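Q: So the protein lines, in turn, are chains A and B.
So that you can map any letter, position 56 of the first sequence is 56 in the numbering used here, and since no number is skipped, the others follow by simple counting.
So that you can map any letter, position 80 of the second sequence is 80 in the numbering used here, and since no number is skipped, the others follow by simple counting.
Every residue, glycine too, gets a C-beta built ideally from N, C-alpha and C.
Keep in mind the model is a prediction, meaning the values are calculated, not measured.
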Amino acid sequence: MKRSALILTAALALGWSAVAFAAGFPLVPTGVGNAAGPVAACDTDGFTISYTTSAGNVTQAVVGGIAAACAGGSLQLTLTDSSGASIGSGGPVTVAGTTATVPLATQPYAGSVAGFQVAISGP
Amino acid sequence: MRRALLAAVVVAAGGGSTLAFAANLNGVTATSLTVYSAPSTVPTSSCSSGATQDTWIDSAHKNTQHGSDAQLTVTAGGASWALVEFAPCAPANAAIVSASLNLYLASSPGGGRSYGAYPITSSWSETVAWKNAPSTGGQSASATPGGSGSTTSWSLASDVQAMVNGGSNYGWAIEDNGGGTASGSYSSREGGNPPALSLVYYP
Chain A
1 MKRSALILTA ALALGWSAVA FAAGFPLVPT GVGNAAGPVA ACDTDGFTIS
51 YTTSAGNVTQ AVVGGIAAAC AGGSLQLTLT DSSGASIGSG GPVTVAGTTA
101 TVPLATQPYA GSVAGFQVAI SGP
Chain B
1 MRRALLAAVV VAAGGGSTLA FAANLNGVTA TSLTVYSAPS TVPTSSCSSG
51 ATQDTWIDSA HKNTQHGSDA QLTVTAGGAS WALVEFAPCA PANAAIVSAS
101 LNLYLASSPG GGRSYGAYPI TSSWSETVAW KNAPSTGGQS ASATPGGSGS
151 TTSWSLASDV QAMVNGGSNY GWAIEDNGGG TASGSYSSRE GGNPPALSLV
201 YYP
């Protein structure tokens, strides 16, 4: 269990940098694999997002378009500004359908939001 | 000997990108990680409201009430003012992105005028006359009236933000900041093109 957590932490760190790297590359399937064979994302066609605001700050977001294969996974959401810096975050919440409601622990001004990042670990 | 392998797939999707990771440590495959990022902005809301009251007051006729007039006359040298008040249509504590007071210019004062919007700081009604004019604060915004049939707009986001945050709201006085005798007339709420306060905001 602890070993898996360590691996996930490393993978998460690598993942964020890879997101930035991948931004200019439309499709980069790799040949890297392990004993279990190539991995596949639990969702490959992306997510939608909608927001709830209060007094101009984002208090909650609903992530939609989640594939059934992600059920049981743990979802974390990060909102970013125009420079890509994190300005708000929420989760983890357990994926239990095609949408996930994520209350934000850090609630940014709505006008500052320029992007979002979703990370689902597992299932 | 410990050996860790990471496998990744990157797939573009809908303006973002998705990555999947899995790890194999000593032959044990760990949970995968899917990461997706995309640009996104929070949509604004917008609304527009009509004046709850309007009139104009005339220094040349200190006792005359104009609350039922179809036009609001603004005269150079501060000789006459238009008064307008709205109930802003944004919810309490909304974050105002923009607020535009729009008045339809029925009769132009000519070019080169500067009309100021001054927040009114005391209560008034459409029975007000020059002799009991409400008090006003410093200028919030200015605009240059165009030709007859155009709309003059003042940007008043700060004032409206204070209103929706619970501050006082007595509307604005429109005054000509220059000298001379030029007069312009705007359609009142009794006219064909009534005043409007248009807001863009985050609830």
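Assuming residue 65 of chain B is part of the beta strand (DSSP E), what are its boundary residues?
A: Taking the first residue of the second sequence as 1, we reach residue 65 of chain B at position 65. Unbroken run through residue 65 of chain B: none, as it is neither H nor E.
Q: For residue 83 of chain A, which residues in chain B fall below 9 Å Cβ to Cβ?
A: Position 83 of the first sequence, counting from 1, holds the residue named residue 83 of chain A. Residues of chain B with a Cβ closer than 9 Å to the Cβ of residue 83 of chain A do not exist; the shortest Cβ-Cβ separation is about 13 Å.
Q: Determine, using beta carbons only, whether residue 74 of chain B and residue 176 of chain B come nearer to each other than 8 Å.
A: Your numbering for residue 74 of chain B matches position 74 in the second sequence. Your numbering for residue 176 of chain B matches position 176 in the second sequence. Yes. Within cutoff.
Q: Can you give the Cα-Cα distance for residue 105 of chain A and residue 89 of chain A, rounded to whole angstroms?
A: For the purposes of this step, residue 105 of chain A is identified with residue 105 of the first sequence, where counting begins at 1. For the purposes of this step, residue 89 of chain A is identified with residue 89 of the first sequence, where counting begins at 1. Computed Cα separation, rounded: 6 Å.
Q: Mind pulling the chain B residues with CB within less than 7 Å of residue 53 of chain A?
A: The residue given as residue 53 of chain A occupies position 53 in the first sequence. What residue 53 of chain A touches in chain B: 42, 202, 203.
Q: So, is the C-beta of residue 87 of chain A closer than 8 Å to a C-beta in chain B?
A: As a working note, residue 87 of chain A is residue 87 in the first sequence. By this cut-off, residue 87 of chain A is not an interface position.
Q: Quick check: what's the CA-CA separation for residue 131 of chain B versus residue 81 of chain B?
A: The residue labelled residue 131 of chain B in the question sits at position 131 within the second sequence. The residue labelled residue 81 of chain B in the question sits at position 81 within the second sequence. Each residue's Cα considered, the two are about 13 Å apart.
Q: Between residue 49 of chain A and the rest of its own chain, which residues show a CB-CB distance below 6 Å, the 5 nearest in sequence each way excluded?
A: For the purposes of this step, residue 49 of chain A is taken as residue 49 along the first sequence, with counting starting at 1. 61, 63, 116, listed in sequence order.
Q: Under 7 Å Cβ-Cβ, which residues of chain B neighbour residue 114 of chain A?
A: Here the question's residue 114 of chain A lines up with position 114 in the first sequence. Result: 39, 41.
Q: Please classify residue 101 of chain A as buried or exposed, where buried requires at least 16 neighbouring CB atoms within 10 angstroms.
A: Translated into the one-based positions of the first sequence, residue 101 of chain A becomes position 101. So residue 101 of chain A ends up on the exposed side.
Q: Given a cut-off of 8 Å on the beta-carbon distance, is the pair residue 182 of chain B and residue 88 of chain B in contact?
A: Against the second sequence, residue 182 of chain B aligns to sequence position 182. Against the second sequence, residue 88 of chain B aligns to sequence position 88. No, the Cβ-Cβ distance between residue 182 of chain B and residue 88 of chain B is not below 8 Å.
Q: DSSP on residue 47 of chain B, reduced to helix/strand/coil?
A: Position 47 of the second sequence, counted from the start, is the residue given in the question as residue 47 of chain B. In this structure, residue 47 of chain B counts as strand in the three-state DSSP scheme.
Q: Tell me which same chain residues have a C-beta within less than 7 Å of the C-beta of residue 189 of chain B, skipping the five on either side of it?
A: Here residue 189 of chain B refers to the residue found at position 189 of the second sequence. Correct list, in chain order: 50, 51, 54, 195.
Q: In chain B, which residues lie less than 9 Å from residue 117 of chain A when you measure between Cβ atoms?
A: One-based indexing of the first sequence puts residue 117 of chain A at position 117. Here the neighbours are 16, 35, 36, 37, 38.
Q: How many angstroms separate the CA atom of residue 97 of chain A from the CA atom of residue 81 of chain A?
A: Numbered from its first residue, the first sequence carries residue 97 of chain A at position 97. Numbered from its first residue, the first sequence carries residue 81 of chain A at position 81. The straight-line gap from Cα to Cα measures roughly 28 Å.
Q: Is there at least one Cβ from chain A nearer than 8 Å to residue 97 of chain B's Cβ?
A: In the second sequence, the residue the question calls residue 97 of chain B occupies position 97. Taking Cβ atoms only, chain A reaches closer than 8 Å to residue 97 of chain B, which makes this a yes.
Q: Taking one C-beta from the region 163-178 of chain B and one from the region 35-44 of chain B each time, how about it: are there three or more such pairs within less than 8 Å?
A: no
Q: Quick one: Cα of residue 33 of chain A to Cα of residue 203 of chain B, how far?
A: As a first step, residue 33 of chain A is located in the first sequence; it is residue number 33 there, counting from the start. As a first step, residue 203 of chain B is located in the second sequence; it is residue number 203 there, counting from the start. Low confidence applies here, because residue 33 of chain A scores a pLDDT of 27, under 50, leaving its location unreliable; read the following figure in that light. For residue 33 of chain A and residue 203 of chain B, the distance between alpha carbons rounds to 48 Å.
Q: In the structure shown, what three-state DSSP assignment does residue 172 of chain B receive?
A: Your numbering for residue 172 of chain B matches position 172 in the second sequence. Correct three-state label for residue 172 of chain B: strand.
Q: What are the boundary residues of the alpha helix (DSSP H) that residue 162 of chain B is part of?
A: As a working note, residue 162 of chain B is residue 162 in the second sequence. Its alpha helix (DSSP H) spans residues 157-164.
Q: Spell out whether any CB of chain B is found under 8 Å from the CB atom of residue 109 of chain A.
A: As a first step, residue 109 of chain A is located in the first sequence; it is residue number 109 there, counting from the start. Taking Cβ atoms only, chain B reaches closer than 8 Å to residue 109 of chain A, which makes this a yes.
Q: Quick check on the DSSP output: the beta strand (DSSP E) that includes residue 124 of chain A runs from which residue to which?
A: An answer regarding residue 124 of chain A cannot be provided, because it is not within the stretch 1 to 123 covered by chain A.
Q: Using the beta-carbon count (16 or more within 10 Å), is residue 119 of chain B buried or exposed?
A: On the second sequence, position 119 is the one that residue 119 of chain B refers to. Buried: at least 16 other Cβ atoms inside 10 Å.
Q: Which residues of chain B have a Cβ atom closer than 9 Å to the Cβ of residue 72 of chain A, listed in chain order?
A: Translated into the one-based positions of the first sequence, residue 72 of chain A becomes position 72. None at all; the shortest Cβ gap to chain B is about 10 Å.
Q: For residue 58 of chain B, which beta-bridge partners are listed by DSSP?
A: Your numbering for residue 58 of chain B matches position 58 in the second sequence. Bridge partners of residue 58 of chain B according to DSSP: B/80.
Q: At a Cβ threshold of 8 Å, is residue 68 of chain A touching chain B?
A: Residue mapping note: residue 68 of chain A aligns to position 68 of the first sequence, counting from 1. No - not a single Cβ of chain B is within 8 Å of the one on residue 68 of chain A.
Q: Using the three-state DSSP reduction, which class does residue 68 of chain A fall into: helix, strand or coil?
A: If you number the first sequence from 1, residue 68 of chain A lands on position 68. If DSSP states are grouped into helix, strand and coil, residue 68 of chain A belongs with the helices.
Q: Below 8 Å on the Cβ atoms is my contact criterion, and I expect residue 46 of chain A with residue 65 of chain A to pass it. Report the Cβ-Cβ distance as a whole number of Å.
A: Here residue 46 of chain A is taken as the residue at index 46 of the first sequence, counted from 1. Here residue 65 of chain A is taken as the residue at index 65 of the first sequence, counted from 1. The pair is a contact, with the Cβ atoms about 7 Å apart (cut-off 8 Å).
Q: Are any of the Cβ atoms in chain B nearer than 8 Å to that of residue 19 of chain A?
A: Taking the first sequence and counting its residues from 1, the one referred to as residue 19 of chain A is at position 19. Annotation note: pLDDT 37 at residue 19 of chain A (below 50); position unreliable, coordinate value reported separately. Residue 19 of chain A counts as touching chain B.
Q: Out of curiosity, what's the CA-to-CA distance linking residue 59 of chain B and residue 152 of chain B?
A: Taking the second sequence and counting its residues from 1, one reaches residue 59 of chain B at position 59. Taking the second sequence and counting its residues from 1, one reaches residue 152 of chain B at position 152. Rounded to whole angstroms, residue 59 of chain B to residue 152 of chain B spans 23 Å at the Cα level.
Q: For residue 143 of chain B and residue 157 of chain B, I'd like the C-alpha separation in whole angstroms.
A: Residue 143 of chain B sits at position 143 when you count from the first residue of the second sequence. Residue 157 of chain B sits at position 157 when you count from the first residue of the second sequence. Going by the C-alpha atoms only, they are around 14 Å apart.
Q: I'd like the list of long-range same chain contacts for residue 97 of chain B, defined as Cβ closer than 6 Å, with 5 residues on each side in sequence excluded.
A: As a first step, residue 97 of chain B is located in the second sequence; it is residue number 97 there, counting from the start. Excluding sequence neighbours, residue 97 of chain B sits near 44, 200, 201.
Q: Which full runs of the beta strand (DSSP E) of 3+ residues lie inside the region 89-131 of chain B, going along the chain?
A: 95-107, 115-119
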